[in-house]
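For the sequence shown, this note's numbering assigns the number 82 to the initial residue and increments by one for each residue that follows. All C-beta atoms in this analysis are idealised placements derived from N, C-alpha and C, irrespective of residue type, glycine included. Owing to the predicted nature of the structure, the values given are computational and were not obtained by experimental measurement. Report on the structure given below.
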Amino acid sequence: MKNTFRVISFLEGLSFILLLFIATPIKYLAENDSYVKMLGMPHGLLFLIYIVFAFMLKSELKWSAKVFFTVLFASIIPFGTFYIDRKYLSN
């Protein structure tokens with residue numbers, strides 16, 4: 082399950098970065114919201130799956146409350162999921 086979470090973490094982080102740094106500027110600068118519409122739903126689903134997996138892995142990986150909340154908080158910070166992968170999941 083840890084490897085699945087790593088994949089989800091990567092995809093969630095990638096979708097967030099694409100949404101923030103490519104789709105959103107295109108929406109406002111080129112007045113074209115098609116990329117936001119295209120990336121928004123997959124990112125939302127990946128975000129929810131990331132949160133569910135974090136709850137499921139909390140006891141399996143014996144995360145402290147501090148680590149667990151760091152994992153959750155990282156999902157709303159650009160590049161945060163990549164940090165989590167490197168710091169807590171890559172062993």
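Could you check where the alpha helix (DSSP H) with M122 kicks off and where it finishes? Looking up residue 122 in the sequence shown gives position 41. 115 to 141 is the span of the alpha helix (DSSP H), which, as asked, contains M122.
Does I165 come out as helix, strand or coil in the three-state DSSP assignment? The count along the sequence shown starts at 1 and reaches residue 165 at position 84. Correct three-state label for I165: helix.
query = Could you check where the alpha helix (DSSP H) with F150 kicks off and where it finishes?
reply = As a position in the sequence shown, residue 150 is number 69, starting the count at 1. It spans 146 to 155 - the alpha helix (DSSP H) in which F150 sits, taken as one unbroken run.
Endpoints, alpha helix (DSSP H) assigned at L95 = Start at 1 with the first residue of the sequence shown, and residue 95 comes out as number 14. Unbroken alpha helix (DSSP H) run through L95: 83 to 99.
Length of the line joining the Cα atoms of K139 and A155:
Translated into positions along the sequence shown, residue 139 becomes position 58. Translated into positions along the sequence shown, residue 155 becomes position 74. The alpha-carbon atoms of K139 and A155 are separated by roughly 15 Å.
**OP:** Could you pull the start and end residues of the alpha helix (DSSP H) that I103 belongs to?
**Re:** What you label residue 103 is simply residue 22 of the sequence shown in a count that begins at 1. Taken as a continuous stretch (DSSP letters only), I103 belongs to no alpha helix (DSSP H), as it is neither H nor E.
State the Cα-Cα distance for the pair M119 and L101, rounded to the nearest angstrom.
Here residue 119 corresponds to residue number 38 of the sequence shown, with the count starting at 1. Here residue 101 corresponds to residue number 20 of the sequence shown, with the count starting at 1. C-alpha separation (whole angstroms): 13 Å.
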